[in-house]
Ligand SMILES: Nc1ncnc2c1ncn2[C@@H]1O[C@H](COP(=O)(O)OP(=O)(O)OP(=O)(O)O)[C@@H](O)[C@H]1O
Ligand SMILES: [Mg+2]
């Protein structure tokens, strides 16, 4: 596990202009150089403690495991430092950005094939031995009608079952 100071700088961002999830709850996601960078709102990052990195690192590891194992998730890029317009540096989980083609399944007027595609991906995750409290939340699945594709997101609260 690295410390914030050891992380490579991924890029600069603006706290308002580059925010993706405007109604975000516990996390903020920013669009930086065409990628999505997710940080945790509740953490205090100022003193570069190990704990500041735990949540984004954990989410990155799970996303990596799923992606490599053939589950449809945004391709994880890694754990990086990102710097806001006030000069503050944050540890972030950086992944592929799902463009406007994708919408939260929750927001669909008609689910159609989205539910089938979603269940297919959820079923794939079962072999990885995680306790997945958020997996049935339709907010954590993104659907593109154009690509006929569902991508799972948001693994922060998953727990490995040993
Ligand atoms: N890679 C991505 N590309 C585009 N939009 C994304 C991406 N990841 C997340 N989003 C958008 O941001 C929203 C919030 O993301 P996510 O579910 O990961 O975090 P959260 O629910 O706010 O926080 P928490 O991790 O605490 O559950 C998603 O519902 C989705 O609309
Ligand atoms: Mg979520």
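Numbering (my numbering), first residue to last: 121 to 282.
Heads up, the beta-carbon is just placed ideally off N, CA and C, and yes, glycines get one too.
Same chain only: Cβ atoms within 7 Å of residue i, ignoring 5 sequence neighbours per side
| i | result |
| --- | --- |
| residue 253 | 277 |
| residue 221 | 264, 266, 267 |
| residue 198 | 180, 214 |
Cβ neighbour criterion (16 or more within 10 Å) applied to residue i
| i | result |
| --- | --- |
| residue 260 | buried |
| residue 126 | exposed |
| residue 227 | exposed |
| residue 205 | exposed |
| residue 155 | buried |
| residue 130 | buried |
| residue 239 | exposed |
| residue 251 | exposed |
| residue 142 | exposed |
| residue 271 | buried |
Length of the line joining the Cα atoms of residue i and residue j
| i | j | result |
| --- | --- | --- |
| residue 212 | residue 225 | 25 Å |
| residue 284 | residue 218 | Here the chain has residues from 121 to 282 only, and residue 284 is not among them. |
| residue 234 | residue 247 | 22 Å |
| residue 242 | residue 255 | 7 Å |
| residue 124 | residue 176 | 11 Å |
| residue 231 | residue 281 | 31 Å |
| residue 191 | residue 258 | 17 Å |
| residue 244 | residue 173 | 28 Å |
Which residues DSSP lists as bridging residue i, in chain order
| i | result |
| --- | --- |
| residue 262 | 224, 271 |
| residue 215 | 156, 196 |
| residue 149 | 158 |
| residue 207 | Partner(s): none; residue 207 has no beta bridge. |
Chain-order list of residues whose beta-carbon lies under 8 Å from that of residue i (same chain, five-residue window excluded)
| i | result |
| --- | --- |
| residue 183 | 193, 194, 196, 213, 215, 275 |
| residue 136 | none |
Cβ shell of residue i (< 6 Å), same chain only, five flanking positions each side left out
| i | result |
| --- | --- |
| residue 134 | 205 |
Below-7 Å beta-carbon distance, residue i vs any chain B residue
| i | result |
| --- | --- |
| residue 189 | Of the chains in the structure shown, none is chain B; there is only one protein chain. |
Around ligand 2, what residues have a beta-carbon under 6 Å from a heavy atom of it, in chain order?
Taking each Cβ in turn, the ones that pass are 259, 260, 274.
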